[in-house]
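2 protein chains.
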Amino acid sequence: MERSRPTMKDVAIAARVSLKTVSRVVNGEPSVTPDTEQRVRDAIETLGFLRNGSARMLRTGQAGTVGFVVEDIGDPFYSALSRGMEQVMRAHESLLLSGSSEADAAIERKLALAFCERRVDGLIVVPTSTDHSYLLPEMTAGIPVVFADRPPGRIDADTVLTDNVGGSRQATAHLLAGGHRRIGYLGDNPDIFTAQERHRGYLEAMTSAGEPVAEPWVAMGSTTTGKVRADLTRMLAGPAPVTALICGNNRISVLALHALAALDIQLAVIGFDDFEFADLLHVTVVAQDPGELGRQAAELLFQRMDGDSAPSRRIVIPTRLLPRGSGELPPSAL
Amino acid sequence: MERSRPTMKDVAIAARVSLKTVSRVVNGEPSVTPDTEQRVRDAIETLGFLRNGSARMLRTGQAGTVGFVVEDIGDPFYSALSRGMEQVMRAHESLLLSGSSEADAAIERKLALAFCERRVDGLIVVPTSTDHSYLLPEMTAGIPVVFADRPPGRIDADTVLTDNVGGSRQATAHLLAGGHRRIGYLGDNPDIFTAQERHRGYLEAMTSAGEPVAEPWVAMGSTTTGKVRADLTRMLAGPAPVTALICGNNRISVLALHALAALDIQLAVIGFDDFEFADLLHVTVVAQDPGELGRQAAELLFQRMDGDSAPSRRIVIPTRLLPRGSGELPPSAL
DNA sequence: TTGAAAGCGCTAACAT
DNA sequence: ATGTTAGCGCTTTCAA
Numbered sequence: 221m222e223r224s225r226p227t228m229k230d231v232a233i234a235a236r237v238s239l240k241t242v243s244r245v246v247n248g249e250p251s252v253t254p255d256t257e258q259r260v261r262d263a264i265e266t267l268g269f270l271r272n273g274s275a276r277m278l279r280t281g282q283a284g285t286v287g288f289v290v291e292d293i294g295d296p297f298y299s300a301l302s303r304g305m306e307q308v309m310r311a312h313e314s315l316l317l318s319g320s321s322e323a324d325a326a327i328e329r330k331l332a333l334a335f336c337e338r339r340v341d342g343l344i345v346v347p348t349s350t351d352h353s354y355l356l357p358e359m360t361a362g363i364p365v366v367f368a369d370r371p372p373g374r375i376d377a378d379t380v381l382t383d384n385v386g387g388s389r390q391a392t393a394h395l396l397a398g399g400h401r402r403i404g405y406l407g408d409n410p411d412i413f414t415a416q417e418r419h420r421g422y423l424e425a426m427t428s429a430g431e432p433v434a435e436p437w438v439a440m441g442s443t444t445t446g447k448v449r450a451d452l453t454r455m456l457a458g459p460a461p462v463t464a465l466i467c468g469n470n471r472i473s474v475l476a477l478h479a480l481a482a483l484d485i486q487l488a489v490i491g492f493d494d495f496e497f498a499d500l501l502h503v504t505v506v507a508q509d510p511g512e513l514g515r516q517a518a519e520l521l522f523q524r525m526d527g528d529s530a531p532s533r534r535i536v537i538p539t540r541l542l543p544r545g546s547g548e549l550p551p552s553a554l
Numbered sequence: 221m222e223r224s225r226p227t228m229k230d231v232a233i234a235a236r237v238s239l240k241t242v243s244r245v246v247n248g249e250p251s252v253t254p255d256t257e258q259r260v261r262d263a264i265e266t267l268g269f270l271r272n273g274s275a276r277m278l279r280t281g282q283a284g285t286v287g288f289v290v291e292d293i294g295d296p297f298y299s300a301l302s303r304g305m306e307q308v309m310r311a312h313e314s315l316l317l318s319g320s321s322e323a324d325a326a327i328e329r330k331l332a333l334a335f336c337e338r339r340v341d342g343l344i345v346v347p348t349s350t351d352h353s354y355l356l357p358e359m360t361a362g363i364p365v366v367f368a369d370r371p372p373g374r375i376d377a378d379t380v381l382t383d384n385v386g387g388s389r390q391a392t393a394h395l396l397a398g399g400h401r402r403i404g405y406l407g408d409n410p411d412i413f414t415a416q417e418r419h420r421g422y423l424e425a426m427t428s429a430g431e432p433v434a435e436p437w438v439a440m441g442s443t444t445t446g447k448v449r450a451d452l453t454r455m456l457a458g459p460a461p462v463t464a465l466i467c468g469n470n471r472i473s474v475l476a477l478h479a480l481a482a483l484d485i486q487l488a489v490i491g492f493d494d495f496e497f498a499d500l501l502h503v504t505v506v507a508q509d510p511g512e513l514g515r516q517a518a519e520l521l522f523q524r525m526d527g528d529s530a531p532s533r534r535i536v537i538p539t540r541l542l543p544r545g546s547g548e549l550p551p552s553a554l
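In the order they appear, the protein sequences are chains A and B.
This note's numbering puts the first residue of the first sequence at 221, with every later residue one more than the last.
This note's numbering puts the first residue of the second sequence at 221, with every later residue one more than the last.
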């Protein structure tokens with residue numbers, strides 16, 4: 221049943237023209253008589269011809285494809301980022317080759333190199349690995365690389381980041397302005413870049429407001445139900461219990477909200493990262509803009525692909541505080 | 221700065237062997253002396269050689285790539301589906317070329333054909349268009365196509381679907397078993413396949429239980445805040461107000477929950493589709509398994525790519541009812 | 001075990 | 001306006 225695919229040559233024979241004329245029609249080059257053009261188009265239609273992209277690419281060196289390596293494309297944050305990229309790519313008639321690294325440095329590397337082997341025109345990476353020197357030969361060979369959400373390791377390259385420090389500072393300042401002084405911080409694993417930055421923003425805001433931070437108020441690596449519950453208990457025990465809480469990412473926000481509900485405790489809460497239904501739950505958050513992260517990364521990439529060879533750039537996307545109730549509870553209400 | 225990329229020929233010269241020997245090493249073919257192999261590997265390392273995938277593909281006809289056309293990769297449901305596919309693809313050493321159609325039939329077509337032009341080994345499509353005859357030449361030429369989540373239009377092809385009718389029937393039966401008789405249904409736009417199916421499941425369950433369905437209880441196209449609110453008001457007005465509600469998808473569930481909260485009305489509620497934090501909100505849902513949908517679609521595709529040419533198959537993935545409270549409210553409590 | 005030659009399907013450069 | 005030739009970088013086939 222499986223007819224072998226017609227090539228330009230087959231079309232040329234069917235239309236009684238030369239191969240090059242078919243190529244002209246397919247590529248919309250001028251200087252083809254309407255009459256011949258029609259003959260060629262008919263032949264294309266009849267045979268069901270579709271140009272072979274690999275052959276074309278081998279000749280032109282242009283893939284019309286961008287590679288995207290991310291931790292998990294199923295994560296809403298990254299799929300929103302991916303969507304932002306796609307908007308820009310569509311405008312540039314480029315397609316997306318994507319793969320999830322599953323937070324495994326070896327997979328990240330494998331994917332990135334597989335994309336380079338396919339000669340993508342550019343690469344956008346949400347890094348998991350801390351050493352990207354493996355990309356140096358590719359970058360030298362002319363494949364531009366932009367890092368998104370986290371900075372690269374051991375190489376210098378374009379990077380687009382969320383203002384993690386600023387967002388966290390903003391959340392802390394908001395709670396301080398609301399009259400809170402004993403503010404707890406529940407962070408992600410401290411070897412994650414964004415976790416460090418957000419933690420730092422909290423500390424900076426407290427310090428610059430002249431507020432002390434007691435040791436039991438801060439817990440990093442609160443990524444399980446048990447750990448969150450224990451950390452909260454510790455924050456609330458003793459003579460100086462916290463009256464407010466900042467959660468370092470949306471997974472932690474959910475765990476903390478669950479735990480607070482289970483323990484029947486009221487606290488002012490601000491989460492870093494917006495999440496679906498946070499509005500329904502009246503949770504105040506510092507929202508990132510993953511779509512914008514993706515758009516900016518893609519824009520920058522296309523600039524590089526267009527030959528911009530200025531020194532590497534770092535773009536920082538601001539966050540927005542969305543007050544919804546949970547972050548506006550006064551300390552007196554608790 | 222931009223050195224042109226080394227080819228196998230360059231490597232061959234540097235290692236003082238023939239081009240074919242380099243090819244053998246790169247492809248792990250046997251019958252190469254350890255000594256020569258080492259020389260070649262050294263040259264590859266030194267030059268930073270990376271095989272050109274297009275050239276390879278042009279020769280072999282194997283892309284090692286699968287195309288994926290979806291409505292919106294940023295939608296959590298589809299990104300979960302995509303992740304399921306990816307698991308299978310990783311096992312088969314294949315990469316994913318993906319694109320969002322934005323529910324536009326023209327974009328869907330353009331993306332699918334762009335993938336075919338790149339000679340993907342197979343195609344997975346979440347259809348938006350209702351006419352997929354444009355894929356016939358490609359399928360004839362040997363590119364297997366599997367449709368996911370919705371069936372294709374005007375062609376016969378492999379399809380993997382959720383049991384929409386069954387899930388909806390299950391939700392209705394659950395409410396009936398809980399003592400409800402006046403059950404409302406808030407559905408999506410009726411020209412969407414899944415919306416029709418779910419609506420049908422509801423009607424079937426009511427009918428087979430011998431329960432009448434009053435006209436104001438059913439509303440399709442409830443996709444905006446205003447429409448949902450109006451539909452709910454209508455369901456609750458009159459002599460026979462509903463005591464329970466089924467929401468046709470998770471977007472509608474959220475709108476309905478918002479509206480019910482705003483109107484300060486209590487109803488038993490079951491949503492079709494699980495959503496993040498539905499557990500936190502105690503919302504009973506009929507959960508689909510998008511990951512499984514993706515895995516099955518990919519498995520089926522790989523079978524076809526491996527030469528399976530049996531008649532086209534239709535796989536139906538069952539749903540699961542997750543009782544969390546909102547669907548277990550007895551009518552007497554309202 | 002290794003190499004030489006041909007050619008995959010297309011486009012670029014150069015005729016006509 | 002159309003055609004001819006060469007060659008992109010690799011794998012396949014065949015020979016040494």
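Yeah, the Cβ is synthetic: ideal placement off N, Cα and C, and Gly gets one too.
Looking at B/Pro347, B/Gln282, B/Ala234, the one whose alpha-carbon comes closest to that of B/Val290 is B/Pro347. Shown here for A/Leu395: same chain residues with a beta carbon closer than 8 angstroms to its own, the five before and five after excluded, namely Ile403, Ala464, Ile466, Ala488, Ile490, Gly547 in chain order.
Remark: C-beta atoms of B/Val474 and A/Leu500 approach each other more closely than 9 angstroms.
Under the Cβ distance rule, B/Glu496 counts among the residues neighbouring chain A, one pair being separated by less than 9 angstroms.
Sequence-distant partners of B/Met277 (beyond 5 residues in either direction) whose C-beta falls short of 6 angstroms from its own C-beta, in its chain, are Ala283.
Counting along the chain, the unbroken beta strand (DSSP E) around A/Thr379 starts and ends at 378-382. Among the bridge pairs identified by DSSP, A/Thr504 is matched with A/Ile490.
The beta carbon of A/Val308 lies closer than 6 angstroms to those of Arg515, Ala518, Glu519 in the same chain, with the five residues before and after it left out. Using a Cβ-Cβ cut-off of 9 angstroms, A/Gly491 does not count as an interface residue toward chain B, since no Cβ of chain B sits closer than that to its own. The C-alpha of B/Lys229 is placed about 11 angstroms away from the C-alpha of B/Ala263.
If you draw a straight line from the Cα of A/Ala439 to the Cα of B/His478, it comes to about 34 angstroms.
For the pair A/Leu343 and A/Val365, the CB atoms are nearer than the 9 angstroms cut-off.
Chain B places a beta carbon closer than 9 angstroms to that of A/Asn272, counting this residue as a contact. Using a Cβ distance threshold of 9 angstroms, B/Arg271 and A/Ala361 do not count as a contacting pair. In chain order, Pro226, Val231 place their CB closer than 6 angstroms to the CB of A/Phe269, counting only its own chain and leaving out the 5 sequence neighbours on each side. The beta carbon of A/Pro436 lies closer than 8 angstroms to those of Arg454, Met455, Ala457, Gly458 in the same chain, with the five residues before and after it left out.
Residue environment: B/Gly398 is assigned as buried (16 or more neighbouring CB atoms within 10 Å of its CB, all protein chains considered). Distances from the alpha-carbon of A/Val385 to those of A/Glu306, A/Arg370, A/Ser314 put A/Arg370 closest. If you ignore the 5 residues before and after A/Arg540, its C-beta comes within less than 8 angstroms of the C-beta of Val506, Ala507, Asp509, all in its own chain and listed in chain order. Per the C-alpha coordinates, the member of A/Phe495, A/Pro357, A/Ala481 positioned closest to A/Arg544 is A/Phe495. Taking a C-beta distance under 9 angstroms as the contact criterion, A/Ser302 and A/Leu316 qualify as a contact pair. A/Gly319 is the residue among A/His352, A/Ser243, A/Gly319, A/Phe522 whose C-alpha sits nearest the C-alpha of A/Asp292. Residue burial is scored here from C-beta neighbours: A/Ala482 has fewer than 16 other C-beta atoms within 10 angstroms and is therefore classed as exposed.
Per DSSP, B/Ile403 is one residue of the beta strand (DSSP E) stretching across 403-406.
Under the 9 angstroms criterion on CB atoms, A/Met277 is classed as interfacial with respect to chain B.
Taken through DSSP and simplified to helix, strand or coil, B/Ile472 comes out as helix. Listed in chain order, the non-local C-beta contacts of A/Tyr354 below 6 angstroms within the same chain comprise Arg329, local neighbours out to five positions each way being set aside.
The continuous beta strand (DSSP E) containing A/Phe367 extends over residues 365-368.
Scanning chain A for C-beta atoms nearer than 9 angstroms to the C-beta of B/Ile293 yields Ile293, Ser299, Ser302, Arg303, Glu306, Leu316, Ser318, reported in chain order. Distance check between A/Asp378 and each of A/Phe522, A/Leu542, A/Pro550, A/Ala553 places A/Phe522 closest, using alpha-carbon atoms only. Taking 9 angstroms as the cut-off, the Cβ atoms of A/His352 and A/Phe367 count as close.
For A/His478, the chain B residues whose Cβ falls inside 8 angstroms of its Cβ are Leu500, in order along the chain. Straight-line spacing of the CA atoms in B/Tyr422 and B/Ala415 works out to 11 angstroms. Residue environment analysis places A/Pro357 among the buried positions, since at least 16 neighbouring C-beta atoms fall within 10 angstroms of its C-beta. Under the criterion of beta carbons closer than 8 angstroms, A/Asp341 and A/Val286 qualify as touching, at roughly 6 angstroms.
Counting other Cβ atoms within 10 Å of its Cβ, B/Thr504 reaches 16 or more and is therefore classed as buried.
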